[in-house]
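Each remark here refers to the structure printed beneath this line.
Protein chains: 2
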Amino acid sequence: MADAKYDVLGIGNAIFDVLVQADDGFLSRHGMTKGGMALIDEARAAAIYKDMGPATEMSGGSGANTIVGLAGFGARTAFIGKVKNDQIGGLYTHDIRAAGVAFETRAAAAGPATGCSYILVTPDGERTMNTYLGAAQDLTPDDIDAEQVAASDYVYLEGYLWDPQSAKEAFVKAAGIAHGAGRQVALTLSDSFCVGRYRDEFLDLMRKGTVDLVFANEAELGSLYETSDFDAALKQLRADTRLGIVTRSEKGCVVASKDGVVAVPAFPIQKLVDTTGAGDLFAAGFMFGLVRNAGFEAAGRLGALAAAEVIQHIGARPQASLKELAKKNGLPV
Amino acid sequence: MADAKYDVLGIGNAIFDVLVQADDGFLSRHGMTKGGMALIDEARAAAIYKDMGPATEMSGGSGANTIVGLAGFGARTAFIGKVKNDQIGGLYTHDIRAAGVAFETRAAAAGPATGCSYILVTPDGERTMNTYLGAAQDLTPDDIDAEQVAASDYVYLEGYLWDPQSAKEAFVKAAGIAHGAGRQVALTLSDSFCVGRYRDEFLDLMRKGTVDLVFANEAELGSLYETSDFDAALKQLRADTRLGIVTRSEKGCVVASKDGVVAVPAFPIQKLVDTTGAGDLFAAGFMFGLVRNAGFEAAGRLGALAAAEVIQHIGARPQASLKELAKKNGLPV
């Protein structure tokens, strides 16, 4: 197996985040399910945006957030995702490259605008996402650079890719190339409603070994196995995948492998501002621990550290140097 | 004099802010003067952006920030400024309207893109701005809605309007309409380099009574009178304008009228994050005090409160309700 050029290559929906503070009344007035990610069409996007307060914008997208987090720790990273060559696509492209991530996916010249997500942050810090996929729908298997995938130790895929049909095909193609090159494939289940839409397919990916590592939060795990019994779900997860990592908000995370289960506490925070990106950044820290062969315990602590950074400000991209934070906390870098 | 429909109407360059954390080395590498606002052309904008880290975006523009702050306190406000009908112009238009500001200036259908400012925030919290005026250059006297101006108790103008030639003409037209309707005109000097460019013209505006109120910070005041002697400059300011309001960062502000000078302390903060918008939000609070006839002391405290809010997070638009903050601090709303 050739030496890898990248530690982690991520594939995900390229989404520009439009973040706004809102009260619970806004959510109910628009029929939104708090804490979830709903796919919306252009008409609904316009209706929500018209009613929203002044916003803050920044690049987002679950998988991309994780990759940017990994780059922030010092990992060598690449990302595949689809924007349009419009103004927002230009901002998106700048931001991910400026974070040190190799990003060469060709922007769409026609078709829908760069995707965006209207993210309502309620006073309790919870975020509720409404995503217009836009150009992200047009990610196809042709966008998968086989050489780049084969040259990456890990391929990290988001469950949200299962929404656009051709992106799903791109996902499967990338996983095949990675395994053909002796690499490993990670999947995040993304969202409990996403799991609800694709439960059988996700289980199939796990049981057939299309993916080797699975990230989930408690709600996603419960949705996957249709149970509220955490221990029972965890037991099934251990049977279905080589490595399962389950985040439990302020209760920390558990890392489940064939050998056993390791629990790691959450990192203390001063003030919860916005949970957007919490899971994405946890995955960044954890994957970084794997990349550095730091062991599950340290990987879990790196994940907790990155999640703690991102939930203490608005937006899903880190504002502090994760590398410096890790150093300061005596964690591997 | 008819009852006013608006408390304050602002006219300014409509600018989208692209904020990024940078170190002092970045500033010197690009030949930037720390703390200032430099006008840049498209080529330099591209060069700076290419070298910048991942950014956070939000609507900005000095005068618009002040008007949005005023709306946040509960004032009735309107804004005149020029964007293009591109994606960023759409974000800009949404944000200012969503803040409760009447904004009806027709977006440019052709010509340069919506203006933006690359704002480098250094670890000391200082901001250094590089502004590509873009569509803001095309604000003309035709964009001044005479009826709207005449129906506003105060017209608030930014000194930056002196940069684009036709905006300057729009400025003078608006001031004339306001005075014809028995209204008052406020000017912020904007930036010490801007004062350097237009010193004689600004003094002329003050001495001829084209403007009634002048906002400045210490550096701008020093540049206006080409002196580092604060007391001497303040004395000249009192002679040249009916009401002069000078901000002095952590030393608070002084309000200078023919009757005397009132000093108001700064509002205590926990942590300085980003000074972007400090002067703009001070002016918002102060103008709100005038609108409510609260007296100079209370107006100064309202200004200090709004400035303190905006410098404790990234970006020049308030993230908390200024009305609630004022209530909580026993100030008039």
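As they're listed, the protein sequences go chains U and G.
Under the working numbering, the first residue of the first sequence is numbered 1, with each subsequent residue one higher.
Under the working numbering, the first residue of the second sequence is numbered 1, with each subsequent residue one higher.
Quick reminder that beta carbons are idealized off the backbone N, C-alpha and C, glycines included.
Only a predicted model underlies this, so the values are computations on that prediction, with no experimental measurement involved.
Check: Starting from the N-terminal side, write out each stretch of the alpha helix (DSSP H) that is 4 residues or longer and does not extend beyond the segment 80-162 of chain G.; Outcome: 87-98, 146-150
Check: Give the straight-line distance between the Cα atoms of alanine 55 (chain U) and serine 190 (chain G), rounded to the nearest whole angstrom.; Outcome: 24 Å
Check: So if DSSP puts phenylalanine 16 (chain U) in a beta bridge, which residue, or which two residues, is it bridged to?; Outcome: U:Ser59, U:Cys116
Check: Nearest CA to the CA of alanine 14 (chain U): which residue from U:Thr93, U:Phe282, U:Ala46, U:Ala38?; Outcome: U:Thr93
Check: Quick one: Cα of histidine 179 (chain U) to Cα of aspartate 51 (chain G), how far?; Outcome: 36 Å
Check: Per the contact definition of three or more C-beta pairs closer than 8 Å, is the segment 36-45 of chain G in contact with the segment 127-136 of chain G?; Outcome: yes
Check: Spell out a yes or no on whether the segment 8-28 of chain U and the segment 82-91 of chain U are touching, meaning 3 or more CB-CB pairs, one atom from each, closer than 8 Å.; Outcome: yes
Check: Going by DSSP, name the residue or residues bridged to serine 257 (chain G).; Outcome: G:Leu243, G:Gly260
Check: Taking only three categories from DSSP, how would you classify aspartate 7 (chain G)?; Outcome: strand
Check: Going by Cα to Cα distance, which pick from G:Ile311, G:Phe286, G:Asp200, G:Gln137 is closest to leucine 272 (chain G)?; Outcome: G:Ile311
Check: Need the endpoints of the alpha helix (DSSP H) that glutamine 342 (chain U) sits in, please.; Outcome: No information on residue 342 (chain U) is available, as it lies outside the stretch 1 to 333 that chain U covers here.
Check: Only counting the same chain, and skipping five residues up and downstream in sequence, which positions put a Cβ closer than 8 Å to that of serine 152 (chain G)?; Outcome: Ala4, Lys5, Tyr6, Asp7, Val8, Leu9, Ala78, Ala178, Arg183
Check: Pairs of beta-carbons, one from the segment 65-84 of chain G and one from the segment 22-34 of chain G, closer than 8 Å: are there three or more?; Outcome: no
Check: Nearest-angstrom Cα distance between proline 123 (chain G) and glutamine 21 (chain G)?; Outcome: 7 Å
Check: Spell out whether any CB of chain U is found under 9 Å from the CB atom of alanine 55 (chain G).; Outcome: yes
Check: Suppose contacts are defined by Cβ-Cβ distances below 9 Å. Is threonine 247 (chain G) in contact with glutamate 218 (chain G) by that definition?; Outcome: yes
Check: Contact criterion: CB-CB distance below 9 Å. Does serine 228 (chain U) meet it with respect to chain G?; Outcome: no
Check: Would you be able to state if there are at least three C-beta pairs under 8 Å between the segment 200-211 of chain G and the segment 265-284 of chain G?; Outcome: no
Check: Tell me which residue opens and which closes the alpha helix (DSSP H) that alanine 47 (chain U) is part of.; Outcome: 42-51
Check: Contact criterion: CB-CB distance below 9 Å. Does aspartate 95 (chain G) meet it with respect to chain U?; Outcome: yes
Check: Below 8 Å on the Cβ atoms is my contact criterion, and I expect phenylalanine 286 (chain G) with glycine 303 (chain G) to pass it. Report the Cβ-Cβ distance as a whole number of Å.; Outcome: 4 Å
Check: Going by DSSP, what residue range makes up the beta strand (DSSP E) through valine 185 (chain U)?; Outcome: 184-188
Check: How far does the alpha helix (DSSP H) with methionine 287 (chain U) in it reach, from first residue to last?; Outcome: 278-291
Check: Among G:Ala43, G:Asp24, G:Leu281, which residue has its Cα nearest to the Cα of alanine 64 (chain G)?; Outcome: G:Leu281
Check: Roughly how many whole angstroms lie between the Cα atoms of leucine 205 (chain G) and leucine 139 (chain G)?; Outcome: 20 Å
Check: Determine the direct distance from the alpha carbon of glutamate 158 (chain G) to that of tyrosine 160 (chain U), and round the result to whole angstroms.; Outcome: 46 Å
Check: Take the Cβ of aspartate 142 (chain G) as the centre, count every other Cβ of all protein chains shown within 10 Å, and call the residue buried at 16 or more, exposed below.; Outcome: exposed
Check: Please report whether the beta-carbon of glycine 315 (chain U) lies at a distance below 9 Å from any beta-carbon of chain G.; Outcome: yes
Check: What separation, rounded to the nearest whole angstrom, lies between the Cα atoms of glycine 289 (chain G) and phenylalanine 296 (chain G)?; Outcome: 7 Å
Check: If you compare alpha carbons, which of G:Ala256, G:Phe230, G:Leu221, G:Leu224 is closest to arginine 238 (chain G)?; Outcome: G:Ala256
Check: Helix, strand or coil for phenylalanine 215 (chain U)? Go by DSSP, reduced to three states.; Outcome: strand
Check: Give the interface partners of glutamine 87 (chain G) over in chain B, defined as CB-CB distance under 7 Å, in chain order.; Outcome: The displayed structure is made up of protein chains U and G, and chain B is not among them.
Check: Let me know if lysine 258 (chain U) comes out buried or exposed under the rule of 16 or more other beta-carbons within 10 Å of its beta-carbon.; Outcome: exposed
Check: Here's the rule I'm using: 16 or more other beta-carbon atoms within 10 Å means buried, otherwise exposed. How should alanine 108 (chain U) be labelled?; Outcome: buried
Check: On the DSSP letters alone, give me the boundaries of the beta strand (DSSP E) that methionine 37 (chain U) sits inside.; Outcome: 37-39
Check: Between the beta-carbon of serine 321 (chain U) and the beta-carbon of glycine 12 (chain U), is there less than 9 Å?; Outcome: no
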